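Numbering that gives the first Met the number 0 puts the first residue of the sequence shown at 0, with every later residue one more than the last.
For every residue, glycine included, the Cβ atom is placed at its ideal position computed from N, Cα and C.
If you're wondering where the values come from, they're calculated on a predicted model, not measured in any experiment.
Heads up: the structure comes next, in structure tokens.
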Amino acid sequence: MRRLKKLFTPPPSEAAAHSLYTALVTMSRRPALYTDGGVADTVDGRFDLIVLHLYLAIERLRREPEDAPARQVETPLLEVFFADMNQALRQMGVGDLSVGRRVHDMAGAFFGRVQAYEAALATHDGGGGTEPLADAVRRNLYRGDARADAGRWMTTYILSLRAALAAVPVEDLLAGRLPQA
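Laid out in structure tokens, this is it:
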């Protein structure tokens, strides 16, 4: 019986990935992000907020030592994300023949946004100010069309959440217990 249970029990990194992803999606759906933050409450807006929160969590995981178990969660976390996107497309009625192409397009959008956020935050960390992050936010969350006050609010939110994630114990993060920013 133990062998059978072991066969069907996901590895700890997969369980942690599911817990963390569920918490990130919940966090990305907070009403303030759409009201105060000015992100459009659309499929694209929700996707962009999930990507932002996912990136910030991955950045936090990468701060752990190379051999830490938390570092093993990044790949399963991305797998959960892309499986969720695949399922969401199917629920929206996208046909089987188109899903692969659409997920491929989403992967390109994800990695493009990750590069933009990485570069902007590296500039910020190097003393370059918040303007590169504000630019990345305008391009990615607002598609180039944003109220200035919403952009400032979102930039402050991102930096606050990043700091809060850095302060949370990695065990809490992997259990899906995220800080409030």
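Expressed to the nearest angstrom, what Euclidean distance is found between the alpha-carbon atoms of residue i and residue j?
{"i": "residue 72", "j": "residue 179", "result": "22 angstroms"}
{"i": "residue 92", "j": "residue 166", "result": "41 angstroms"}
{"i": "residue 75", "j": "residue 97", "result": "24 angstroms"}
{"i": "residue 172", "j": "residue 164", "result": "8 angstroms"}
{"i": "residue 36", "j": "residue 58", "result": "22 angstroms"}
{"i": "residue 81", "j": "residue 127", "result": "33 angstroms"}
{"i": "residue 20", "j": "residue 140", "result": "19 angstroms"}
{"i": "residue 153", "j": "residue 105", "result": "22 angstroms"}
{"i": "residue 25", "j": "residue 39", "result": "16 angstroms"}
{"i": "residue 207", "j": "residue 44", "result": "No answer is possible for residue 207: it lies beyond the span of the chain, which begins at 0 and ends at 180."}
{"i": "residue 107", "j": "residue 122", "result": "23 angstroms"}
{"i": "residue 42", "j": "residue 116", "result": "20 angstroms"}
{"i": "residue 109", "j": "residue 83", "result": "14 angstroms"}
{"i": "residue 15", "j": "residue 77", "result": "12 angstroms"}
{"i": "residue 143", "j": "residue 134", "result": "9 angstroms"}
{"i": "residue 129", "j": "residue 65", "result": "29 angstroms"}
Could you have a look at residue i and say whether DSSP puts it in helix, strand or coil?
{"i": "residue 118", "result": "helix"}
{"i": "residue 136", "result": "helix"}
{"i": "residue 154", "result": "helix"}
{"i": "residue 175", "result": "coil"}
{"i": "residue 125", "result": "coil"}
{"i": "residue 143", "result": "coil"}
{"i": "residue 169", "result": "helix"}
{"i": "residue 180", "result": "coil"}
Does the Cβ-Cβ distance between residue i and residue j come in under 8 angstroms?
{"i": "residue 161", "j": "residue 55", "result": "yes"}
{"i": "residue 22", "j": "residue 158", "result": "no"}
{"i": "residue 48", "j": "residue 32", "result": "yes"}
{"i": "residue 79", "j": "residue 17", "result": "yes"}
{"i": "residue 69", "j": "residue 136", "result": "no"}
{"i": "residue 52", "j": "residue 27", "result": "yes"}
{"i": "residue 88", "j": "residue 101", "result": "yes"}
{"i": "residue 149", "j": "residue 131", "result": "no"}
In chain order, what are the residue ranges of uninterrupted alpha helix (DSSP H) at least 4 long that sit wholly in the stretch 18-104?
30-34, 42-60 and 73-90
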